[in-house]
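Each remark here refers to the structure printed beneath this line.
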Amino acid sequence: MISLPRIVLAGLAVALCFPRSSAEETAGRPNILFLITDDQFKEMMNWYPEGKGKNLTPHTDKLAAEGTVMNRQYVTSPVCTPSRFGCLTGRYPSRSTAREFLRSTAQANGQTVVQWNTFITDGKGTLPMALRDAGYFTGIVGKNHVIDTRGLRNTKWESDPNSGETKSALAHNAKVQAEAAKRVGFDFAASLYFNNPVENGVKALASHNLDYIAKGAFDFIDESKSKGKPFFLYLATTVPHGPQEGARSWNADRRITAEGMLDEPLAVLPDKKTIPERLKAAKIRGYQKENVLWLDDMVGAVIDKLEATGQLDNTILVYFNDHGQKSKGTVYEGGVHGESFFWRKGGFPVGNTCDVPVSNVDFAPTLLDLAGVSYDPATYDGKSFADVLLGKDKGGDRGSLYFELGYVRGVLKGKWKYIALRYPKSALEMTREERQRALDGFNAEQKRKGRPIYTQDPMEKFSHVMLVPGGGDAEHMSMGRYPAFYEADQLYNIEEDPDEQNNLAGDHGYQDKLNEMKGELKKHLDGLPGSFGELKPDVGND
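Quick note on the numbering used here: the sequence shown kicks off at 82 and runs consecutively.
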């Protein structure tokens, strides 16, 4: 068994082109709490019409009511890792220099393939590094799944979590994750999950523990208070992502952590026995309602902690779900149309809702502006919407929004959405035997983790994200939902067709609009690494 450690990272930050701020410059700057949830449906959020009155979330409801709900929040790449990359770097995930990403690009004949491979490799221009250089105390707590981490030790799925070998490996992995976090700009790291609990390595530890994550946040808040600096805390939950069953989520043994079994269960949040009792009293039933309440308990506990330390009144909170959940793994609206709200004491001048389209890559420059930190706009692909929140800009012309995931690119401008699907030559020329090997490997992993097998046919079509016949977990449920899913060019009027059921790309009456939107996509592609079919040829894809 282990006692819960805390890892504080010391040492000099990697210098950016701007000098460090003086104590006087830093003193009045706001704290920033960036809270990112995982696979949360709109139906789990009372502050959206889809979820209104369906959840017991008093703490988060209050924050949303006092803050600004972003009704047109978009996500560039709607799966876990690239979404987080965009949030923390302000850049498109195809700019990643991670080895896994560069390898997949080479295998795809020079076409970038954004998947769960776009890790952050250094601190140049990252949001935490920019804030650290401006005098902030920076921390990461909870789900990682985005920082390039070398030297992790493998643990067997059936390992005994109390064996010396397993405990040693888990302690080592916590240490190397903390060291990697330091390199990208974080002073503090605690309660880190390198991946989702089920992918974290040990079956006996494949459970959520929000008490463990909340404890890491509490330790960070105490440390930041003692330093007398403004803070930036990236607080990433593991719920409501799977595993979703109570025995491995809200009702699990609260001694289970990513670092092994604690000596005693944590008691940071309300007792788990009260969760069904409170839901019953509120007459709320349904899918994942326990986990949503548990998540709200954590939000409330962190807010109470900040109030107790006197830091809440000078804190900006961003509440963000990592991507749309209805069509995760696609760039249809159900995947890229996400959820967020901004909160500060007294609210923002823009009001309780904002209908300006914004992207997750816009967070970094926006928060730097709100913090009064200077930066070179060329560092980021995102565009600040701080002036929109502050009521200084209506946000009428912010250009087009760009999307990239797997073998798909997309662009949204006004009411028009264009989606392009292009498989590289290496994918189109895969033999039956190669497709069978890919499918066998995927199905073996599905079986090992107790997940469904979607097909045994190696000649099933690939998805948008993975070269697996029949598609992978992330996108499988979307594959039969869109009539034009496999069409190379797709054009939608999302005002008239929000569910993207009527592809206008083949309609002669819309050829001018199709060509216009292709041109808009090309503008984005021209500034990014890699090729993309005829829309961006001649980048080593022969």
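Where is the CB? At the ideal position from N, CA and C, for every residue including glycine.
The segment 323 to 373 is shown to contain whole alpha helix (DSSP H) runs of 4 or more residues at 355 to 362, in chain order. Positions of the alpha helix (DSSP H) runs, each at least 4 residues long and wholly inside the segment 437 to 472, are given as 444 to 451 and 467 to 470 in order along the chain. Annotation for Thr247: the continuous alpha helix (DSSP H) segment containing it runs Gly245 to Arg264.
Ala271 places its beta carbon less than 7 angstroms from that of Gly297.
When Leu449, Lys594 and Lys498 are compared, the shortest CA-CA separation from Phe115 is found for Leu449. By the CB criterion at 7 angstroms, His545 and Tyr499 fall outside the cutoff.
Straight through space, the alpha carbons of Asn225 and Lys386 are spaced by roughly 23 angstroms.
In the three-state reduction of the DSSP assignment, Trp375 falls in the helix class.
Here DSSP, grouped into helix, strand and coil, assigns Phe523 to helix. Considering only Lys599, Ala215, Tyr413 and Ala565, the residue with the shortest C-alpha distance to Phe312 is Ala215. Taking a cut-off of 8 angstroms for Cβ pairs, the segment 438 to 449 and the segment 161 to 168 touch, as three or more such pairs fall below it.
If you draw a 10 Å sphere on the C-beta of His589, you find fewer than 16 other C-beta atoms in it, and that means exposed.
In this structure Phe200 touches Ala179 by the C-beta definition: roughly 4 angstroms separates them, less than 8 angstroms.
Excluding residues up to 5 positions away in sequence, Tyr488 lie with their Cβ nearer than 6 angstroms to the Cβ of Tyr504 in the same chain. Per DSSP, the continuous alpha helix (DSSP H) segment holding Asp292 begins and ends at Leu291 to Lys308. With respect to Asp377, Leu350 sits apart: the two C-beta atoms are not nearer than 7 angstroms.
Your pair Leu314 and Phe299 does not check out as a contact, with CB atoms roughly 11 angstroms apart and the cut at 8 angstroms.
A direct Cα-to-Cα measurement between Leu251 and Glu326 gives close to 24 angstroms. One Cα belongs to Thr157, the other to Tyr217, and the distance between them is close to 27 angstroms. The DSSP-derived three-state label of Asn574 is strand. In terms of CA proximity to Pro324, Tyr368 leads the group Lys542, Tyr368 and Thr207. The beta carbons of Ile228 and Val265 sit about 6 angstroms from each other, so the pair counts as a contact at 8 angstroms.
Counting only the Cα atoms, Ile113 lies some 9 angstroms from Asn395. Pairing Gly391 with Arg110 gives a Cβ-Cβ distance that is not under 7 angstroms. When rounded, the separation of the alpha-carbon atoms in Gly552 and Arg366 is 32 angstroms. DSSP places Gly491 inside the beta strand (DSSP E), whose first and last residues are Val489 to Lys494. Judged by DSSP secondary structure, Ala508 falls outside any beta strand (DSSP E) and instead within the alpha helix (DSSP H) spanning Lys506 to Leu509. One alpha carbon belongs to Gln592, the other to Thr162, and they sit about 35 angstroms apart.
Exposure of Met540 is indicated by the presence of fewer than 16 other C-beta atoms within 10 angstroms of its C-beta. Note that the C-beta distance between Thr318 and Asp119 is below 7 angstroms.
Between the alpha carbons of Lys370 and Glu597 lies a distance of about 44 angstroms. Scanning its chain for C-beta atoms nearer than 7 angstroms, with the 5 sequence neighbours on each side dropped, one finds around Phe267 the residues Leu90, Pro209, Thr219, Gly220 and Ile221, in chain order. The C-beta distance from Asn584 to Glu601 rounds to 17 angstroms, too long to meet the 8 angstroms contact threshold. Secondary structure within the segment 108 to 181: the alpha helix (DSSP H) runs of 4 or more consecutive residues, fully enclosed, are 139 to 147 and 161 to 170 (chain order). A straight-line Cα-Cα distance of about 30 angstroms links Ser177 and Ile575.
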